[in-house]
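*Asks:* Going left to right, the sequence shown walks through residues 1499 to 2033 as our numbering numbers them.
Here's a structure for you.
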Amino acid sequence: MKVINAKTIDYLKKLKTIHLLFVIILIFGIFLRFANLDQKVYNADEVRKIIWLSGHSSEAFKEEVYRGNIVSAEELKRYQYPSDDTTLADVFKVLSGKTEHVPLHHIISRFWLQLFVTHSSAKVVSVLLSFLYFPCLYWLCIELFQSPLTGWVSIAIVSISPFHILASQNAGSYSLWTVTILLCSAALLRALRVQAKTSWLMYAITLTLGFYTHLFSVVVALGQAIYVILIEKLKLTKTLINYGLSCVISIVLFSPWIVIFFVNLGRVDEGTSYYDQFNISFRKLIMFLYSNIGHVFIDFYHRYGRVEKLLYLCLFLLITYSLYHLVRKTQINVWLFIVILITLTPILHIIANFITPSALHIQSRYYLPSHLGIQLSVAYLLASQMGSTSLKVWQRRVWSIIFLIIITLGMISGTILMQEKTAGLDDQRGTASGKNLAVAPYLNQAENPLVISETTHSFILALLYLIDNDVKFQLLQPDNVQQWQQKLNLVENISEFSDVFVFYPDPKFKTFIEQNENITIQVVVNGLDKINLKN
């Protein structure tokens, strides 16, 4: 019978404690994803995507609803959920005109919303998809580092990362995109290692899933192409041929959407035109990248004091050292993969911003591949130092303390964000969606309110999640003075409804209302005015 010595028993106890710690961190990360989810506001991008997956185009919604007729909030809310009137064919028809928005996440979300019709259903499906991060991340760490400890450290960091918590709560495709980035990365490394036809086919399939999840997966694919070419030393090897065949298979599978994309190429510019009105300087872009790196680990939500600035600096130095440690301690096939993952996306955005300055390049969600690379680099540094047998005990303890500090800061960040209703992947503080939190109570408290508005449909759709079904709306076309004259009868409306409000009126529309000598306008809150009869 084999005798287990005291050192082995002590090691097993420590291992059990470490695993328990990682499980606790993971559970807390899951809790933060669900906490107060039903209180989070929907932003303009989210409500537009939801109306598309419901089988309605924005144009059709405006044509059907902005007619000046009085409708209830309950009638408008049907556009936010799939109905028997629409099918998947309708979804594809809508998305074919929005080709920058590829269909996979829309299809998954549509099926989910058909099963569960609740206020936060569209966000819940993204949270559930984010749980797939963890097995994919662990697999990638095994393929890349052959280190289970690095896998667990990566899971711990990502699970309480404020950026990933907010991404998982977004009704867009960012949870699924994270999964496909991790999945196709691990599949590529496995294919390079085992060199089997089935593994290359698996890579082709996972790459295709990425293409159908987010169009910026093309950047991930480009980085992987650069990686394989450099690893093969620019030679036409069997590995490079197998990789090329996998890419061809993936492109063929994605070709239907490629055709649709180029047929509707002009509409892509329409979808991104909002960002082009903002001229982003090189300095502003670099400052964004610097702060964006910090938000991967900590986010105290608009708290930028000396302590926060010091923490950002410390994190930047830690990330820089982690890359140095990575390059110094690992083989080129390891560090090159992560370096490309981190650097390619920012480089392309910087070049694109030089050509066409746009606020598109300061949207943190588009830097998701880079964020994952940073977290992998830091995770490897911490795991290799905490688990090193060549370091002294006190040195390993120092690195363990650094790991716990990062986790604690992430937990604090998540707890702060949990309590902020406007906290999101796209910060909603100060936006119409954020201001709706102040508007909604006045509408819900009124006995029989009417809301008149000609504002953009996304503002209206975001408001619907916060108000009761019996609130009435009269929606009018912007700049259509003739319709306003025909449909608006404010004196009659005031006599019919307990309260008549104007929601986010354009200056031209507000001036038109003020021309009526029988009424006065009272500002209730920012974005909501009340119309009263003159005494």
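Every residue gets a Cβ at the ideal spot worked out from N, C-alpha and C, and that includes glycine.
#1: Examine the Cβ distances between the segment 1626-1642 and the segment 1672-1690 and report whether three or more of them are shorter than 8 Å.
#2: Can you give me the start and stop residues for the alpha helix (DSSP H) that phenylalanine 1786 sits inside?
#3: In this structure, how does DSSP classify threonine 1597 when only helix, strand and coil are distinguished?
#4: Would you decide whether proline 1580 is buried or exposed? Buried here means 16 or more other CB atoms lie within 10 Å of its CB.
#5: Give the range of the alpha helix (DSSP H) segment to which glutamine 1883 is assigned.
#6: What do you get for phenylalanine 1795, buried or exposed, if any count of 16 or more other CB atoms within 10 angstroms of its CB means buried?
#7: As a quick exercise: from Val1876, Lys1782 and Arg1894, pick the residue whose alpha carbon is nearest that of serine 1856.
#8: Below 6 Å CB to CB, which residues in the same chain sit around glutamate 1557 once its five sequence neighbours on both sides are set aside?
#9: Considering only their Cβ atoms, is the gap separating histidine 1617 from glycine 1670 smaller than 9 Å?
#10: Where does aspartate 1774 fall in DSSP's three states?
#11: When the Cα atoms are used, what is the spatial distance from isoleucine 1729 to arginine 1826?
#12: Could you give the DSSP three-state label for leucine 1923: helix, strand or coil?
#13: Among Val1622, Lys1933 and Asp1582, whose alpha-carbon lies nearest the alpha-carbon of valine 2023?
#14: Apply the 10 Å Cβ neighbour rule to valine 1501 and answer buried if 16 or more other Cβ atoms are within range, or exposed otherwise.
#15: For serine 1888, which residues in the same chain have their Cβ closer than 8 Å to its Cβ, ignoring the five residues on either side in sequence?
#16: Would phenylalanine 1798 pass as an interface residue toward chain D - the criterion being a Cβ-Cβ separation below 9 Å?
#17: Kindly indicate the opening and closing residues of the alpha helix (DSSP H) around valine 2000.
#18: Helix, strand or coil for proline 1947, going by three-state DSSP, please let me know.
#19: On a CA-only basis, which of Pro1947, Thr1906 and Phe1559 is nearest leucine 1574? Give me that one, please.
#20: State yes or no: is the C-beta of proline 1939 within less than 9 Å of the C-beta of serine 1996?
#21: Along the beta strand (DSSP E) that carries aspartate 2027, what are the first and last residues, could you check?
#22: In angstroms, rounded to a whole number, what distance separates the CA positions of threonine 1696 and leucine 1858?
#23: Is isoleucine 1658 helix, strand or coil by DSSP?
#24: Just confirm the distance between the C-beta atoms of tyrosine 1577 and alanine 1960, as a whole number of angstroms; I'd bet it's less than 8 Å.
#25: What is the residue span of the beta strand (DSSP E) that valine 1569 lies within?
#26: May I have the straight-line CA-CA distance separating cysteine 1634 from arginine 1894, to the nearest angstrom?
#27: Could you tell me which whole alpha helix (DSSP H) segments of length 4 or greater appear in the segment 1881-1919?
#28: Where lysine 1596 and isoleucine 1749 are concerned, what is the direct C-alpha to C-alpha distance, given to the nearest angstrom?
#29: Return the residue from the list Asp1968, Ser1715, His1823 and Phe1957 that minimises the CA-CA distance to histidine 1599.
#30: Run through DSSP, which three-state label would isoleucine 1845 get?
#31: Is the Cβ-Cβ distance between leucine 1846 and glycine 1566 less than 9 Å?
#32: Please report the straight-line C-alpha distance between isoleucine 1992 and isoleucine 2029, rounded to a whole angstrom.
#33: With DSSP as the reference, please indicate the residues paired to valine 2021 in a beta bridge.
#34: Taking a contact to mean a Cβ-Cβ separation below 9 Å, would you say tyrosine 1568 touches lysine 2032 in this structure?
#35: Using the C-alpha atoms, what's the distance from leucine 1611 back to asparagine 1790?
#36: Determine whether the beta carbon atoms of alanine 1723 and tyrosine 1701 lie at a separation below 9 Å.
*Replies:* Working from what's here:
#1: yes
#2: First-last of the alpha helix (DSSP H) with phenylalanine 1786: 1780-1793.
#3: coil
#4: Counting Cβ neighbours within 10 Å, proline 1580 comes out buried, since at least 16 surround it.
#5: It spans 1866-1884 - the alpha helix (DSSP H) in which glutamine 1883 sits, taken as one unbroken run.
#6: By the 10 Å Cβ count, phenylalanine 1795 comes out buried.
#7: Lys1782
#8: none
#9: No, they are not a contact pair.
#10: helix
#11: 17 Å
#12: coil
#13: Lys1933
#14: Confidence is the limiting factor: at valine 1501 the pLDDT is only 44, short of 50, which leaves the residue's position unreliable and the question unanswerable from this model.
#15: none
#16: As a matter of chain content, chain D is missing from the structure shown, which is built from one protein chain.
#17: That residue, valine 2000, is in no alpha helix (DSSP H); its beta strand (DSSP E) goes 1997-2001.
#18: strand
#19: Phe1559
#20: no
#21: 2026-2031
#22: 38 Å
#23: coil
#24: 12 Å between Cβ atoms; not a contact.
#25: 1568-1570
#26: 28 Å
#27: Taking only runs of at least 4 residues, the alpha helix (DSSP H) segments lying wholly in the segment 1881-1919 are 1891-1916.
#28: 20 Å
#29: Ser1715
#30: Taken through DSSP and simplified to helix, strand or coil, isoleucine 1845 comes out as helix.
#31: no
#32: 8 Å
#33: Asp2027
#34: Inspection of the sequence shows that residue 1568 is occupied by isoleucine rather than by tyrosine. Not in contact: isoleucine 1568 and lysine 2032 (Cβ atoms no closer than 9 Å).
#35: 32 Å
#36: no
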